[in-house]
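Peer 1: Just so you know, the protein sequences line up as chains A and B, in that order.
The working numbering puts the first residue of the first sequence at 1, with every later residue one more than the last.
The working numbering puts the first residue of the second sequence at 1001, with every later residue one more than the last.
Note that the Cβ used here is the ideal one computed from N, Cα and C, for glycine as well.
On a predicted model such as this, the values are computed, not experimentally measured, just so you know.
Provided herewith is a single structure, encoded as C-alpha cells, for subsequent inquiry.
Protein chains: 2
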Amino acid sequence: MKNLNLHIEISPELYSKNPDSSDLGRKIISKSIELIDELGFEGFTFKKLGIAINSPESSIYRYFESKHALLVYLTSWYWTWTEYRLVFAMSNVDSPEERLRKALEILTQPVTIDNSVSHVNEVLLSEIVFSESLKSYHTTKVDEENKRGAFNSYKAAVRRVSDIVLEVSPDCKQPHMLISTVIEGAHQQKYFAEHLPSLTDQTDEKNSITTFYTDLVFRFLET
Amino acid sequence: MKNLNLHIEISPELYSKNPDSSDLGRKIISKSIELIDELGFEGFTFKKLGIAINSPESSIYRYFESKHALLVYLTSWYWTWTEYRLVFAMSNVDSPEERLRKALEILTQPVTIDNSVSHVNEVLLSEIVFSESLKSYHTTKVDEENKRGAFNSYKAAVRRVSDIVLEVSPDCKQPHMLISTVIEGAHQQKYFAEHLPSLTDQTDEKNSITTFYTDLVFRFLET
DNA sequence: GCAAATACGATAGTAATACTATTAATATCG
DNA sequence: CGATATTAATAGTATTACTATCGTATTTGC
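If you want it as C-alpha cells, here you go:
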C-alpha cells in the first residue's frame, strides 16, 4: 500500500480530548502502542505510560477516561485504517473472487511494514489488535459502549467484506458469521501458534493461517 | 446423556488443596460457578465468594492461589467432563461422519440440562466456559501454566475431535486449526448474537450456530 | 498586546482489588 | 485424650484505577 498520508478520524465519543490535537495527545497514542505491545494490556498502566512520556497520570486522563477507553480508541483507529486498506486493495479489481481473496489476506495477516509518517506504528498496532482487541469488547459494559459507537469501525469492516462474500455467493446465508469467524479465528490461531501449538497446525509455510482461512471461505461458498 | 455419576478428577497441579476433598471446597466450586455466571469473571472476587459461602477470603486461598487458578480449574473440569460426553456420544456410532456431526453439536452448543448430582451446575459452567474461558489462557503467564498442564483437557478434546476429522478426511492438513476455530468461533458467535448482532447472522432457527459450523466443517472436508 | 480561557504539571488522596500473615477456635483421627 | 490438620477471624500490604485540587505556563481571541 502506498503512503497516502491519510488522516484517520475517530468519533469524539471515543475520547475525552482528541489525542490528535496536541503533542501530548500524540505522544500518549504512540507510546501507549509501544507499551501495550511490550507489557500486554493487563500489565500496561497509565502510571507507567506517564513515566514513559514524562507526564503525570492525571494528564493522560484528560484524553481518555480509562485505559479501556484508550484500547477502544486504538482498535477503532486500526479498523478505520483497515477499511481504507480494504478500499484501496479492492480498487481496480473486477473479479469478486479476487477481491475476496485480497480482503481475506488483509484480515488475516498482521501488518509487517510501517508506511505511516504519523505517530501511529501500524505494525505494533496490528499486533495489539491481534492479541488484545478481544478485550475491547469483552467486558460488562459492551452494550453501553456499543451504543456509543465504540465498535462501529470493526462492524463496518465486517460488513464491507460480507458484501463481497455476497457478490461471490448471493445465496450465502451467514456472511457476517463467516467473516467474523475468520477475523477472530486468524487472531487466535496466531496466538495458539505461539503459545498453545497443539491447538493449531504448524507448518513451515509462511502464510498458513491465511491459506487455511481462504480455503475455508471458498470451500464454504462453493456450490 | 444419562446420569453416569462419573467422577471428574483434576490434576493436583491445578489447585493448592483439592476442593473435592471437603465441604468447604465443594461449596467454593458450586458458589463460584453461580457468582462468575452472575457477575462475570472481572466482577467476581474471592471476597464476594467468601461472603456468599460465609467463609473468609483467606480460607478460599487455601484451595486456589488466585482467582485465575480457580477459572483454570473450572474450565479444566468442563473439558474433562466434555471429553466424557464425547466418548459417550461416539459409542456405538459407526459412521465417522455421524460421529463428527455429533461431536460438533457437543462443542458448539451450551449445555441445557443439568444431569449431575454433584456440586457442579453444568449448565452454568458451560455458560462460563462459553463466555469466560478465553481469559483462562489469554494471560501473560500462559506458557508457564501450559507447562503445568493447565490446558491439557482442552487440548485433549481438540485432539479427539481432530482425530475424527481425519477419519472423515484423511488428507485434511489442518484438523486442529479447524476444530479450535469451530469451538472458539461458536463461543464468540453466541456472545456476538447477544451483544454485537451485526457481527453475526441472527435467524429464528434455534441451532443456527451449530448448523453454520457443521456446514463449515463438512464443506471444508468435501473433496 | 493583554485579558481570559485552556492546558499542563505537580501532588495528594481514595476505594477497591488481590493477596499475605497471624493467631485462635474447632473438628478429626488414631 | 492428645496430636494434627482445618477453618474462622482479623489485620495488613502493595498495586491499581481513578479523582481532586491548585498553581503555572501557554495559547487564543479581540
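Hey, how far is the Cα of A:E144 from the Cα of A:A150?
Peer 2: Taking the straight line from one Cα to the other gives about 9 Å.
Peer 1: Measuring straight from C-alpha to C-alpha, what distance separates A:V129 and A:F44?
Peer 2: Their Cα atoms are separated by approximately 15 Å.
Peer 1: Whole angstroms are fine: how far does the CA of A:S59 sit from the CA of A:E13?
Peer 2: C-alpha separation (whole angstroms): 19 Å.
Peer 1: Over the uninterrupted alpha helix (DSSP H) stretch that includes B:A1186, give me the two end residues.
Peer 2: Note, B:A1186: alpha helix (DSSP H), P1175 to H1195.
Peer 1: By Cβ distance below 7 Å, which residues in the same chain neighbour A:S55 in space, the five residues on each side in sequence not counted?
Peer 2: Cβ within range, chain order: L24.
Peer 1: How many whole angstroms separate the CB atoms of B:E1057 and B:K1047, which I take to be in contact at a CB cut-off of 8 Å?
Peer 2: Correct: roughly 5 Å between the Cβ atoms.
Peer 1: Using the rule of at least 16 other Cβ atoms within 10 Å of the residue's Cβ for burial, across every protein chain shown, is A:L94 buried or exposed?
Peer 2: In the sequence under discussion, the amino acid at residue 94 of chain A is Asp, which differs from the Leu named in the question. So A:D94 ends up on the exposed side.
Peer 1: If you compare alpha carbons, which of B:A1156, B:L1125, B:Y1073 and B:S1198 is closest to B:G1040?
Peer 2: Considering only alpha carbons, the answer is B:L1125.
Peer 1: Cα separation between A:F220 and B:P1175?
Peer 2: Looking at the two C-alpha atoms, the distance is approximately 16 Å.
Peer 1: For B:T1200, which three-state DSSP category applies?
Peer 2: B:T1200 falls in the coil class under three-state DSSP.
Peer 1: Is it the case that the stretch 193-205 of chain A contacts the stretch 117-124 of chain A, given that we only count it when at least three CB pairs across the two stretches are under 8 Å?
Peer 2: Contact between the stretch 117-124 of chain A and the stretch 193-205 of chain A is absent, because fewer than three Cβ pairs lie under 8 Å.
Peer 1: If you draw a straight line from the alpha carbon of A:N92 to that of B:W1079, how long is it in whole angstroms?
Peer 2: Answer to the nearest angstrom: the Cα atoms are 48 Å apart.
Peer 1: Please tell me whether A:I113 and A:A89 are closer than 8 Å, where the distance is taken between their beta carbons.
Peer 2: No, these two residues do not count as a Cβ contact at 8 Å.
Peer 1: Is the stretch 1151-1167 of chain B touching the stretch 1188-1197 of chain B in the sense that three or more CB pairs, one from each, lie closer than 8 Å?
Peer 2: Flag = no, the stretch 1188-1197 of chain B and the stretch 1151-1167 of chain B do not touch.
Peer 1: In angstroms, rounded to a whole number, what distance separates the CA positions of B:H1187 and B:A1103?
Peer 2: Near 15 Å, if we compare the C-alpha coordinates of B:A1103 and B:H1187.
Peer 1: Let me make sure I understand the geometry here. Which of B:D1037, B:Y1061, B:Y1073 and B:E1065 has the alpha-carbon closest to that of B:S1011?
Peer 2: Selected option, being the one with the closest Cα: B:Y1073.
Peer 1: With 8 Å set as the bound, which would you pick, yes or no: does the beta-carbon of A:E184 sit closer than that to a beta-carbon of chain B?
Peer 2: Cβ-Cβ to chain B under 8 Å: yes for A:E184.
Peer 1: Kindly indicate the opening and closing residues of the alpha helix (DSSP H) around A:G50.
Peer 2: That run of the alpha helix (DSSP H) goes F46 to I53.
Peer 1: Please identify the residue among B:Q1189, B:I1053 and B:A1069 whose C-alpha is closest to the C-alpha of B:N1018.
Peer 2: Minimum Cα distance to B:N1018 is reached at B:A1069.
Peer 1: Out of curiosity, what's the CA-to-CA distance linking A:A52 and A:I28?
Peer 2: Going from the Cα of A:A52 to the Cα of A:I28 covers about 9 Å.
Peer 1: Please check if any C-beta of chain B sits within less than 8 Å of the C-beta of A:G43.
Peer 2: Yes - at least one Cβ of chain B is within 8 Å of the one on A:G43.
Peer 1: Please work out which residues of its chain come closer than 7 Å, Cβ to Cβ, to A:G185, disregarding the five sequence neighbours upstream and downstream, and give them in chain order.
Peer 2: Result list for A:G185: Y213, in chain order.
Peer 1: Should B:F1130 be flagged as near chain A, meaning a C-beta pair shorter than 8 Å?
Peer 2: No, B:F1130 lies away from the interface with chain A (no Cβ there is under 8 Å from its Cβ).
Peer 1: Does the beta-carbon distance from A:E42 to B:T1075 come in below 8 Å?
Peer 2: No, the Cβ-Cβ distance between A:E42 and B:T1075 is not below 8 Å.
Peer 1: Who are the neighbours of A:L49 on chain B, taking C-beta pairs under 7 Å?
Peer 2: In chain order: nothing, as chain B lies at least about 18 Å away.
Peer 1: Which same chain residues, not among the five before or five after B:K1190, have their C-beta less than 6 Å away from its C-beta?
Peer 2: The residues are F1130.
Peer 1: With a threshold of 16 other CB atoms inside 10 Å of the CB of A:L178, please say whether the residue is buried or exposed.
Peer 2: With 16 or more other Cβ atoms within 10 Å, it is buried.
Peer 1: Just to confirm before moving on: does the CB-CB distance between A:S136 and A:L49 stay below 8 Å?
Peer 2: No, these two residues do not count as a Cβ contact at 8 Å.
Peer 1: Output, in chain order, the set of chain A residues within a Cβ distance shorter than 8 Å of B:D1201.
Peer 2: Here the neighbours are K173, Q174, P175, H176 and M177.
Peer 1: With respect to the alpha helix (DSSP H) encompassing A:R219, which residues constitute its N-terminal and C-terminal limits?
Peer 2: A:R219 -> alpha helix (DSSP H) spans S208 to L221.
Peer 1: By a C-beta neighbour count over all protein chains shown, 10 Å radius and 16 as the cutoff for buried, is B:V1117 buried or exposed?
Peer 2: Counting Cβ neighbours within 10 Å, B:V1117 comes out exposed, since fewer than 16 surround it.
Peer 1: Mind checking whether A:R26 and A:H119 have CB atoms under 8 Å apart?
Peer 2: Taking 8 Å as the Cβ cut-off, A:R26 and A:H119 qualify as a contacting pair.
Peer 1: Out of A:E205, A:E167, A:D204 and A:A193, point me to the one whose CA is closest to A:F218's CA.
Peer 2: When only C-alpha atoms are compared, the closest one is A:E167.
Peer 1: Under 8 Å by Cβ, that's how I've got B:F1064 and B:S1016 pegged, so tell me the actual separation to the nearest angstrom.
Peer 2: Confirmed, Cβ separation roughly 6 Å.
Peer 1: Anything in chain A within Cβ reach of B:R1062, meaning under 7 Å, just list it in chain order.
Peer 2: None at all; the shortest Cβ gap to chain A is about 25 Å.
Peer 1: Leaving aside the five residues before and after A:R160 along the sequence, list all residues of the same chain whose C-beta is less than 7 Å from its C-beta, in chain order.
Peer 2: These residues qualify, in order along the chain: E83 and L86.
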